[in-house]
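Number of protein chains: 2
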Amino acid sequence: MTLSAAIEELNILEKNMHAYRHAMGVLSLDSATCAPAASAPARSETMGVLSEARYRLLVNPRTEEMLRTLREQAAALDVPVRRRVEVLWESYQDTTRIPVREYVDYSRLCAQADAVWHRAKEENDFAAFAPYLEKLVAYNRRFAGYKTGFATPYDALLDDYEKGATTAMLDPYFASLRARLTPLIRAVSEKPAPRTDFLHLRYPLPEQRLFSQRLMALLGLDPARCVIGETEHPFTDGFNRWDVRITTHYQEYDVSASMYSVIHEGGHALYELGMGEDLQFTCLADGASMGIHESQSRFYENLIGRSLPFCKALLPVMRECFPEQMRDVDVPTLYRAVNVSRPSLIRTEADELTYPLHIMIRYELEKRLIAGDMKVAELPEAWNAMYREYLGVEVPDDRQGVLQDTHWSGGAFGYFPSYALGSAYGAQMLARMEQEMDVWGAVERGDLQPVTAWLGEKLHRHGKLFTPAQALQSACGAPFDPDCYADYLTKKYSGLYAL
Amino acid sequence: MTLSAAIEELNILEKNMHAYRHAMGVLSLDSATCAPAASAPARSETMGVLSEARYRLLVNPRTEEMLRTLREQAAALDVPVRRRVEVLWESYQDTTRIPVREYVDYSRLCAQADAVWHRAKEENDFAAFAPYLEKLVAYNRRFAGYKTGFATPYDALLDDYEKGATTAMLDPYFASLRARLTPLIRAVSEKPAPRTDFLHLRYPLPEQRLFSQRLMALLGLDPARCVIGETEHPFTDGFNRWDVRITTHYQEYDVSASMYSVIHEGGHALYELGMGEDLQFTCLADGASMGIHESQSRFYENLIGRSLPFCKALLPVMRECFPEQMRDVDVPTLYRAVNVSRPSLIRTEADELTYPLHIMIRYELEKRLIAGDMKVAELPEAWNAMYREYLGVEVPDDRQGVLQDTHWSGGAFGYFPSYALGSAYGAQMLARMEQEMDVWGAVERGDLQPVTAWLGEKLHRHGKLFTPAQALQSACGAPFDPDCYADYLTKKYSGLYAL
């Protein structure tokens, strides 16, 4: 195969793979937003057929020859093409080790499990979800076993979401973070709680929907390329830079739940919308890693979204959307309310300070499940015990406990640490950004464009052209510094609670 | 290839084809309901990739051998399998004559054209849509030419939607229908118009959305298998019997617009939901023809939905949803209002009496376009002239004229006659149903279950196992009788307007 024929084949393969990713993504989105309840089994058949087609696109002698040709002549390739070959080769190797039947059955299982989880959560019925979760864990243990060069099966799964992340690195990171956060959380708990009553008045859903549109405008999300939907669990799916979807979940008596979901998912969306046009229809139109992706969502949600300057820009919008509810609220009151810290049950609604503990709980439980040290049947009790130990809260039911997150139902084990890493990456990016530009002046004016432009230039437009380490180096001018995040939290909460 | 191997391959092929139909259907639905405006070009690439995969599934030596094997041993096959082979063989022959590049480019074009039409309609900009329409016409003329055994290219297209329908049969049918309707329409126009003011009060959209749910319950649509969305142009897409979608379009000052769209699409949905479980994942889980499909939508919309007994069942629901607007409305007033007949601009909102004229206009224009007797550029003027001639109305803009329907943007030329045929089929089914059961007692009680069960038994469950002629014979106990429809309209409108 000649070099130019191989490049031509690479381009065709990537376009085809985009199409299957797109179609399966829209089927998933439709399932979570619109599809009728009884539609799941037939959709899982469709997912099985499409995943088999996708598997066979990648795993076949012709693709292997094409990738080998390009790897042998890597020196002759442009940097982006070389990187595409590297990313695809890895994906080829990971996929080729999985027998096609297992790959397809697993796709079908994920589509079924997602529907079962939705219903189980609604009905607080862990027993209905447990058999699916058992199968999902078993598949993931087997898939982990197919990968080589990892100290533990869980390390192999972590690597899918954050290349290079291992338990050997995360164990001490989480231990030291927990050691720094625990006294801070205790100190905060001894202080009087700020006012939050106004966040829990009645916020009718039609008004919240309009508010979401205002928030999306404030974030600078292009409405021609990004729209919002409603799901049980908020998420973002970027099919390409012209088609990014975010979702939220409204609660009538908690305006901040959806508000911070929109800002969080909006952060993911800005990353997807900002990826270079030259990367589209290639595997590089993707996050550098899930940790880097979560750095963007958590950046907008917390570092920007829960800052005092942002509250200044936000309050007038909230007053317009909710004049009654916000009547006696001023900027400091709003700022303190959206940063109230107290141990709680739901990860996605947790404050910045206690949030990492929610992640550590999932991390510990996943390690045990994937190592085979714990059965799925033991999971709810272990979950509740860890919430008691780490956060001092009693879990009243599985709906607010082990069934709360969507990740496991989609087969994502090893994903959760991305949130904690992302939060830490973001803190480090902010420190660098503050040195280079007037972050807070822009935010206070309600103009996030300069912030997004800074991230766009250093991070977004490069997509997966960067490894996570390169992405960090580009955005922070330095390698990962885990202390930066704990320093940021200490400073912020000491100020808020006058510690 | 052995017979049992061929049957096994047939089953696999049909499951795979269901998956692609499902995925492409969901992508289209998403495009019409949720997707951001700028997403169309990338989606059309995805549609191109999927349509090529679908083409290659069907058109390849292995499939041909399988189909030939089964056709040669047709006598050894069960009736449903034999019918599947027959339907697929026809589809194979039609598709194989189209070069794959043309097939794929056409899929891509349709996906683009749909988005362009949406925008053109919104902005009343025919010129923006015209180049796409030109290409669509050219493709359809070429595709018609690939088919053999038709007197004219337009006949070849008609056959796609209604097997056996030809201009030789439709020309005299439409001529005689027009001859019977014209004096009736004139007579009605000389009578005083009934009250319709209350239909045009303000009906806020949130209340209309709740009303749609009530209508769907009244129709007996299973909410676990059928849900509603909102689109510019209402439609139904049944992916399988567990997943049927209908859509509507709300107008704040016209409650009947969406109401009759929901009932119309609900009729399509009942057909799809009623198709036999044994037909699922095969080509027989489909309407016998588009005419038969439209017979069901038009049956519920008009024969049932605009009947006096249905108005009795409907009024209490409308009163609950719209107490203010419906305060001084009684059953006869509602009945007369929803049957007001006057020549109008918009097909989907036309009354039963003038509706066929809207179809005849499209039929005449399509004949000219496909014959090459008229250019796309001449279409708006020809459209407006025909509305003047047939209906005596002046078309104020293309939005309310030639741009109103979605069909051409999706490449459907030859579809419109299905509506007129369907209306006529339905009238004949009703005559038979009235002989066999107490239709109006059930409808008056708001219990459509016996009506749907009757249609389910004779029509719905058989799907495409029946040809259109067989479907008619099963549901009417007789072949097509074109007079039945004109008789029905004459009787109904003579009563309504005391002619």
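Protein sequence lines, in the order shown, are assigned to chains W and H. Residue numbers for the first sequence follow this note's numbering, beginning at 1 and rising by one. Residue numbers for the second sequence follow this note's numbering, beginning at 1001 and rising by one. Note that the Cβ used here is the ideal one computed from N, Cα and C, for glycine as well. Here the structure is a predicted model, which means the values were calculated and not measured.
- Any Cβ of chain W closer than 9 Å to the Cβ of Thr1033 (chain H) would place that residue at the interface, and such an atom is present.
- Around Arg119 (chain W), the same chain offers Ala37, Asp125, Ala128 as residues with beta carbons nearer than 8 Å, after the five sequence neighbours per side are excluded.
- In the structure shown, the three-state DSSP call for Val1227 (chain H) is strand.
- Ser44 (chain W) places its beta carbon 9 Å or farther from that of Ala130 (chain W).
- Among the residues facing chain H, Ser212 (chain W) is not included, as its CB has no counterpart in that chain under 9 Å away.
- As summarised for the segment 1003-1048 of chain H, the continuous alpha helix (DSSP H) elements at least 4 residues long and confined to that stretch are 1003-1033, given in chain order.
- The contact set of Cys1226 (chain H) on chain W, defined by CB atoms closer than 8 Å, consists of Pro36 in chain order.
- The bridge partners DSSP lists for Ile1304 (chain H) come to none.
- For the pair Tyr1493 (chain H) and Leu1353 (chain H), the CB atoms are nearer than the 9 Å cut-off.
- Close to Glu1045 (chain H), with beta-carbon spacing below 8 Å, are these residues of chain W in chain order: Lys15, His18, Ala19, Phe281.
- Remark: C-beta atoms of Ser1212 (chain H) and Val1262 (chain H) approach each other more closely than 9 Å.
- In this structure Asp1328 (chain H) does not touch Val26 (chain W) by the C-beta definition: roughly 47 Å separates them, more than the 8 Å allowed.
- Between the segment 156-165 of chain W and the segment 414-421 of chain W, the count of Cβ pairs shorter than 8 Å is three or higher; the stretches touch.
- Around the C-beta of Pro1172 (chain H), fewer than 16 other C-beta atoms lie within 10 Å, and the residue is accordingly described as exposed.
- Within the model, the alpha-carbon separation for Arg195 (chain W) versus Asn1302 (chain H) is close to 59 Å.
- The segment 142-154 of chain W makes no contact with the segment 423-441 of chain W, as fewer than three CB pairs between them are under 8 Å.
- Taking 9 Å as the cut-off, the beta carbon of His249 (chain W) is found closer than this to the beta carbon of Ser258 (chain W).
- When the beta-carbon positions are compared, Asn1339 (chain H) and Ala1285 (chain H) stay at least 9 Å from each other.
- Excluding residues up to 5 positions away in sequence, Val1244, Arg1245, Ile1246, Thr1247, Glu1265, His1268, Ala1269, Glu1272, Ser1297 lie with their Cβ nearer than 8 Å to the Cβ of Thr1236 (chain H) in the same chain.
- Put simply, the CB of Val1376 (chain H) is far from chain W, with every gap to its CB atoms at 9 Å or more.
- When Cβ-Cβ separations below 9 Å define contact, Trp117 (chain W) makes no contact with chain H.
- Annotation: the segment 90-174 of chain W contains the following complete segments of the alpha helix (DSSP H) (minimum length 4 residues), in chain order: 100-122, 126-146, 153-161.
- For His22 (chain W), the residues of chain H that pass the 7 Å Cβ criterion are Thr1046, in the order they occur in the chain.
- For the segment 183-223 of chain W, the full-length alpha helix (DSSP H) segments reaching 4 residues or more read 205-219 along the chain.
- The beta-carbon distance between Val1104 (chain H) and Tyr1139 (chain H), rounded to whole angstroms, is 12 Å. This is too long to meet the 8 Å contact definition.
- In the three-state reduction of the DSSP assignment, Gly1238 (chain H) falls in the strand class.
- Contact between the segment 1347-1363 of chain H and the segment 1389-1397 of chain H is present: 3 or more CB-CB pairs across the two stretches fall below 8 Å.
- DSSP links Thr1247 (chain H) through a beta bridge to H:Gly1229.
- DSSP, read as helix, strand or coil, puts Gln1470 (chain H) in helix.
- For Ala1427 (chain H), the three-state secondary structure derived from DSSP is helix.
- Contacts with chain W at 9 Å (Cβ-Cβ) include Gly1229 (chain H).
- Taking all protein chains shown into account, Ile1228 (chain H) has 16 or more neighbouring C-beta atoms within 10 Å of its C-beta and is therefore buried.
- The beta carbon of Met1360 (chain H) sits closer than 7 Å to the beta carbons of Phe1174, Arg1178, Tyr1390 from its chain, once the five residues preceding and following it are set aside; these are given in chain order.
- Arg327 (chain W): not part of any alpha helix (DSSP H); DSSP gives it neither H nor E.
- About 31 Å separates the Cβ atoms of Ser1051 (chain H) and Ser1004 (chain H), ruling out a contact at the 8 Å cut-off.
- Pairing Met1047 (chain H) with Ala1040 (chain H), the inter-Cα distance amounts to about 10 Å.
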